[in-house]
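Heads up: the protein sequence lines correspond to chains A and B, in order.
In this note's numbering, each residue carries its 1-based index in the first sequence increased by 9.
In this note's numbering, each residue carries its 1-based index in the second sequence increased by 585.
Virtual Cβ for every residue (Gly too), placed ideally from N, Cα, C.
Okay, so here's the structure we're looking at.
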Amino acid sequence: MENILTYIIFTPVIAAIILGAIRADIRSLKIGAILSSVIVFFLTLYLSINFNPNEMMQFSRTLPWISSAGFSYHVGLDALSFVLLSIVTLLMPPLYIYMHTESRKGYWYNMMLLQTGVSGAILSLDLILFYLFWETMLLPIFIMIGKYGNSMHQYNAMKILLMTILGSMSMLFSILYLGHIYFETFGVWSFNLNDLSELSLSVTTTSWLAAGFLLAFAIKIPLLGFHTWMAPAYASSPTPAVIILSAIMAKLGAYGIWRFGYSLFEEVLIYYKPYIIFIAIIGMIYYAIKAVTEDNLRRMFAYASGSHLSLIALGVILSNSYAWSGSLYFIATHALASAGIFLMIGLTYKRFKTINISDLGGIAQRLPRFTFFFAFFALSIAGLPGTGGFVAELLIILGAFKHHFTIGILSATSVLLAMLYIFWMLQRTLFGSVNIYIKDTAADDLNSKELLMLTPLVIMLLLTGIAPSLFTPYIEPYILQSLDGITPLLTGIK
Amino acid sequence: MRDLLYASPMAVMIIGAFVLMIISRDNLSLNRYNIISVAFLSLSLILQIYTFDKGNSTYLFESAFGKTFIIDKFAKLFDLMFTIGSILTLLINTDYFKRQNYFNGEYFAIILFSVFGMMMLSHSNELVSSFIALEIATLSIYTLVGYHKFKKASSEAMMKYIILGSLAGALFMLGVALIYGAVGSTLFSDITIYIKNTNIDEMNLLLVGATLMMITIMFKIGAVPFNSWVIDVYQGAPSPITMFMASTFKISVFALALRLYLVSFSPINEFWIEILQAVTIATLIGGSLLAISQQRIKRMLAASSIVHTGYMLIALSSIGLGAQMAASSLMFYLIAYFISSVGAFGIISFLSSQEQFDLTYNDFKGFAERRPYMALLMSIFMLSLAGFPSTIGFLGKFNIFTSSIESGQIFITALGITTAFISVYYYFKLIAVMYFYSTDPRQNKLPIDVSTVLIFLMAGFVIWGGIGTNLILNIPGADSFINIAQDAISSLKNK
Chain A
10 MENILTYIIF TPVIAAIILG AIRADIRSLK IGAILSSVIV FFLTLYLSIN FNPNEMMQFS
70 RTLPWISSAG FSYHVGLDAL SFVLLSIVTL LMPPLYIYMH TESRKGYWYN MMLLQTGVSG
130 AILSLDLILF YLFWETMLLP IFIMIGKYGN SMHQYNAMKI LLMTILGSMS MLFSILYLGH
190 IYFETFGVWS FNLNDLSELS LSVTTTSWLA AGFLLAFAIK IPLLGFHTWM APAYASSPTP
250 AVIILSAIMA KLGAYGIWRF GYSLFEEVLI YYKPYIIFIA IIGMIYYAIK AVTEDNLRRM
310 FAYASGSHLS LIALGVILSN SYAWSGSLYF IATHALASAG IFLMIGLTYK RFKTINISDL
370 GGIAQRLPRF TFFFAFFALS IAGLPGTGGF VAELLIILGA FKHHFTIGIL SATSVLLAML
430 YIFWMLQRTL FGSVNIYIKD TAADDLNSKE LLMLTPLVIM LLLTGIAPSL FTPYIEPYIL
490 QSLDGITPLL TGIK
Chain B
586 MRDLLYASPM AVMIIGAFVL MIISRDNLSL NRYNIISVAF LSLSLILQIY TFDKGNSTYL
646 FESAFGKTFI IDKFAKLFDL MFTIGSILTL LINTDYFKRQ NYFNGEYFAI ILFSVFGMMM
706 LSHSNELVSS FIALEIATLS IYTLVGYHKF KKASSEAMMK YIILGSLAGA LFMLGVALIY
766 GAVGSTLFSD ITIYIKNTNI DEMNLLLVGA TLMMITIMFK IGAVPFNSWV IDVYQGAPSP
826 ITMFMASTFK ISVFALALRL YLVSFSPINE FWIEILQAVT IATLIGGSLL AISQQRIKRM
886 LAASSIVHTG YMLIALSSIG LGAQMAASSL MFYLIAYFIS SVGAFGIISF LSSQEQFDLT
946 YNDFKGFAER RPYMALLMSI FMLSLAGFPS TIGFLGKFNI FTSSIESGQI FITALGITTA
1006 FISVYYYFKL IAVMYFYSTD PRQNKLPIDV STVLIFLMAG FVIWGGIGTN LILNIPGADS
1066 FINIAQDAIS SLKNK
């Protein structure tokens, strides 16, 4: 099983190619897609059994790829990528269940390609390989929004494409420059992360290189100022694409800062920490206020997710053990919760043909099970005690207090604001008098398939909330070891 | 006898041209002419492949021609591209020739003449013969551009091209004369010796001459500000000719430019750096601005070919600044651009014979539903031209940009990456209109014939050139594309 990571990455796309080549009909396409996600699920299960939390990089595999240009196929797994990989693996089957009525073939092919792109980006440790997957996961999103989206989708697809590629191109420039410096120093080309992290660079050079990477990651997250694509893209994407955007791709931005930032230009990150903290905090509060004012549920949760991702970014940049554990934990729990809430918004639209808060109301009187799940996911977004989000937010806020009192207060404020908009939204949609939209539709309560898709998410969220001790042993050694790596720098600068 | 073998690919080409010329009075069907010319081209291709590893760095018929024509891998690689490019042009357009009534037998003879001219150009090691070769190739292209006699745009394009092209040709001749005045010989090797032994302050005549020649080369490859003909000519020419020009003729000029500036003028290359850089910046920006504003796909591809010229110019100035890999990266980019543009223009001319529309962006609305496979192939070529990773175009840009970073041109690299970003807009716009709109469910199956199989093959090359590895036994991967480029360049230097 030494190639297990390769199988995890390529199973979906190979399934897609085979299905495309035999011109599978829609039924076999669905079965094939689900089967590929199940295979990946079991492979990841195998990984989690054999995963050793006390080691850093595991299951790594290096193969020559295009050797004269210095590209190598280098993949590996540590606790950080393990968390991200598991949420991808866990979320794909529910998404396929959500899509079971979808009979447009392109939808399914795009989702399979997307899974390959995302897991490839998570697992690759060669910068060019990473760039390849980073771009690969953009294409299906572009097609999904542009072809299957709603309301101004063509325009919004082009917008997200151009903005993210702007980031990618600046990252590409930095990657090329790094490779060139390696070539100057050692006389051979290499884009391997291990090789490149050994380079010692001048501060000016590193700052420019870091800026190139950070622009790409900031757009993906999106941090404040790099976010103009966010709300339109969330509003016009089909539900599965929204979930991938908020639950996985946005996290990859934070992952990028973590993985590449701390191994390639940690001094710069530490040096510019105050500015990044500033952007993250302002963003957190700004997005929360925007979320209060939004009437469209999709857009509201887009801003909510922006706010929470800024919190994750804050945790990543604060680099103390609380903040880091919290961020890593939040990456997983927020992914589950936002997948849940966007699935519920999708179901809301399927039932009532509207997702405007002002058009909804009184759902609780008609659909009790629906109400329970909707409220549960919304509250776990807000960090209800007992769900994973609470533990994560608490840890990050503790980390923030540890760093500075004011930052702690401000990050706690954003969590309080989240409570505000979530409760207000719940009150206007679920409770109150039965609205005319709700009265006239013959909407049924959740059926068994929908329950099958939502229950695992609920269980996972409760499990992470009630028994965090089940999961922390997996991530703690990683956090401590990587903090050890940068502690000399932290103290050195102070 | 040995020389005869090395000369045979060119000989087959010229014999083929004359044979076609003679039989063009027999009123055979166009299909017949097409098959005959492809047969000659293929024969030449087989001979080229057979002699590819033989007799490198020898002169052709040295007793008769002296050092005028040279045989090296560099030239042979270009020959391969010209031949393959023209075979693809003819085969992909079999349908086009059937449907248009203005073609006749001479047309195929002219194509062979033009290929012969280009091959001569790549082998030429002397200024006068390269001028003649260039003119053989261009005169044929002028004729081909205006081949649609009754279409105004076609004649207009030809006139524009002839007038501007002759001016450029005259400048080249003047340059040759000045260099002859300075050196006393037109052989590249004599020029090299002269440059090595003379102080740069004392060779004004040569510098002026070489600069004039450079202007001609810039004109032929469509660099800004010598680009005023490109878009109109590409648009006005019959689609197969547009494909022929983009895939072969443009590349042939680089054969001359590389040989001249890499070997003969290499000691004084730094003299041109600033001019080259200025032209590069103008070309990148100007080409991008032109490309964004186009509505027709053919014009967009023509304008974007200017941007691709810009990337190659980046490599050219990196060569002058002494980047080691710059020359081979330019060579690789030529291969990459060749493959992708043959595909893209091939699809355009394939479609223009089949569909009754103007090929604007709007005409492509819903194309993915009408012809899913064609749309997929088109997207692959667009991705490659835009330099998206996992295509050969990405590797091409990667090589260009790394060598330009190596030569210290940070600003130009950043500009190159910016224009690559802009190019995403106009290439992806096509992908967007193809996929984002629905159309009447008019599902056409992909007709499996020569044209589509070849386009498929090119798309395969695009992907394989971008991600292929040597891990799969017996199948050369992307590495070997790079190796071929490096071999070709080193064969040029070792003399």
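Just tell me which of the options has its CA closest to the CA of residue i.
i: glycine 431 of chain A; options: A:Ile372, A:Thr342, A:Glu303 and A:Ser442; result: Looking at the sequence provided, one finds isoleucine at residue 431 of chain A rather than glycine. The candidate whose alpha carbon is nearest that of isoleucine 431 of chain A is A:Glu303.
i: phenylalanine 698 of chain B; options: B:Asp680, B:Leu673, B:Thr728 and B:Phe682; result: B:Thr728
i: aspartate 368 of chain A; options: A:Ile447, A:Ser316, A:Gly270 and A:Ala401; result: A:Ile447
i: arginine 437 of chain A; options: A:Ile372, A:Ile468, A:Thr415 and A:Met428; result: A:Ile372
i: isoleucine 748 of chain B; options: B:Gln633, B:Leu886 and B:Trp814; result: B:Trp814
i: valine 793 of chain B; options: B:Tyr819, B:Ile726 and B:Leu756; result: B:Leu756
i: asparagine 12 of chain A; options: A:Gly85, A:Pro62, A:Ala30 and A:Met65; result: A:Gly85
i: leucine 138 of chain A; options: B:Ser878, B:Val761, B:Val700 and B:Ser975; result: B:Ser975
i: isoleucine 726 of chain B; options: B:Ser740, B:Lys736 and B:Ser714; result: B:Ser740
i: tryptophan 238 of chain A; options: A:Thr215, A:Ile174, A:Tyr280 and A:Leu181; result: A:Ile174
i: leucine 797 of chain B; options: B:Asp638, B:Arg956 and B:Leu763; result: B:Leu763
i: lysine 683 of chain B; options: B:Asp588, B:Ser937 and B:Ala1073; result: B:Ser937
i: aspartate 638 of chain B; options: B:Tyr896, B:Phe659, B:Leu628 and B:Phe654; result: B:Phe659
i: isoleucine 445 of chain A; options: A:Ile18, A:Met309, A:Ser177 and A:Ile366; result: A:Ile366
i: isoleucine 230 of chain A; options: A:Ala42, A:Met172, A:Gly370 and A:Leu435; result: A:Met172
i: alanine 225 of chain A; options: A:Leu472, A:Thr71 and A:Ser179; result: A:Ser179
i: isoleucine 266 of chain A; options: A:Thr71, A:Ala427 and A:Ser319; result: A:Ser319
i: glycine 1050 of chain B; options: B:Ala971, B:Ile920, B:Arg610 and B:Asn1059; result: B:Ile920
i: valine 1009 of chain B; options: B:Asn686, B:Ala971, B:Met885 and B:Thr865; result: B:Ala971
Using three-state DSSP, classify residue i as helix, strand or coil.
i: glutamine 67 of chain A; result: strand
i: lysine 503 of chain A; result: With a pLDDT of only 42 at lysine 503 of chain A, under the threshold of 50, the placement of this residue in the model should not be trusted; the figure read from the coordinates follows. In the structure shown, lysine 503 of chain A sits in coil (DSSP, three-state: anything other than H, G, I, E or B).
i: glutamate 691 of chain B; result: helix
i: leucine 376 of chain A; result: coil
i: valine 793 of chain B; result: helix
i: isoleucine 656 of chain B; result: strand
i: arginine 32 of chain A; result: coil
i: valine 623 of chain B; result: helix
i: glycine 85 of chain A; result: strand
i: tyrosine 727 of chain B; result: helix
Between the beta-carbon of residue i and the beta-carbon of residue j, is there less than 7 Å?
i: asparagine 641 of chain B; j: threonine 679 of chain B; result: no
i: leucine 404 of chain A; j: tyrosine 483 of chain A; result: no
i: methionine 462 of chain A; j: isoleucine 106 of chain A; result: yes
i: tyrosine 946 of chain B; j: valine 1018 of chain B; result: yes
i: threonine 771 of chain B; j: leucine 845 of chain B; result: no
i: serine 245 of chain A; j: asparagine 165 of chain A; result: yes
i: serine 873 of chain B; j: asparagine 984 of chain B; result: no
i: methionine 830 of chain B; j: serine 934 of chain B; result: no
i: alanine 1044 of chain B; j: phenylalanine 917 of chain B; result: no
i: alanine 24 of chain A; j: serine 45 of chain A; result: yes
i: glycine 335 of chain A; j: glycine 397 of chain A; result: no
i: glycine 355 of chain A; j: threonine 248 of chain A; result: yes
i: alanine 341 of chain A; j: valine 92 of chain A; result: yes
i: leucine 134 of chain A; j: valine 22 of chain A; result: no
i: isoleucine 228 of chain A; j: phenylalanine 235 of chain A; result: yes
i: leucine 1000 of chain B; j: leucine 906 of chain B; result: no
i: serine 989 of chain B; j: isoleucine 977 of chain B; result: no
i: alanine 322 of chain A; j: alanine 289 of chain A; result: yes
Please identify, using Cβ separations under 7 Å, the residues of the stretch 184-195 of chain A that lie next to chain B, in order along the chain.
Leu185, Tyr186, Gly188 and His189
What residues from the stretch 717-728 of chain B come within 7 Å of chain A, judged by C-beta to C-beta, listed N to C?
none
The stretch 906-923 of chain B: positions lying closer than 8 Å to chain A by Cβ:
none
For the stretch 415-460 of chain A, which segments carrying the beta strand (DSSP E) assignment without a break, of at least 3 residues, lie completely within its bounds, in sequence order?
Fully enclosed beta strand (DSSP E) runs of 3 or longer: not present.
Closer than 8 Å, Cβ to any Cβ of chain B: which residues of the stretch 68-98 of chain A, in chain order?
For the stretch 68-98 of chain A, residues whose beta-carbon sits nearer than 8 Å to a beta-carbon of chain B comprise Leu72, Pro73, Trp74, Ile75, Ser76, Ser77, Ala78 and Tyr82.
Going along the chain, which residues of the stretch 998-1026 of chain B sit with their C-beta nearer than 9 Å to a C-beta in chain A?
Thr998, Ala999, Ile1002, Thr1003, Ala1005, Phe1006, Val1009, Tyr1010, Phe1013, Lys1014, Ile1016, Ala1017, Val1018, Tyr1020, Phe1021, Tyr1022 and Ser1023
Would you mind listing the alpha helix (DSSP H) stretches within the stretch 334-381 of chain A that are 4+ residues and don't spill past its ends, in chain order?
You should have 372-375.
Chain B contacts made by the stretch 218-231 of chain A, where a contact means CB separation under 7 Å:
Taken residue by residue, none of the stretch 218-231 of chain A has a beta-carbon sitting less than 7 Å from a beta-carbon on chain B.
So if I threshold CB-CB distances at 8 Å, which residues from the stretch 153-164 of chain A count as touching chain B?
Gly155, Lys156, His162 and Gln163
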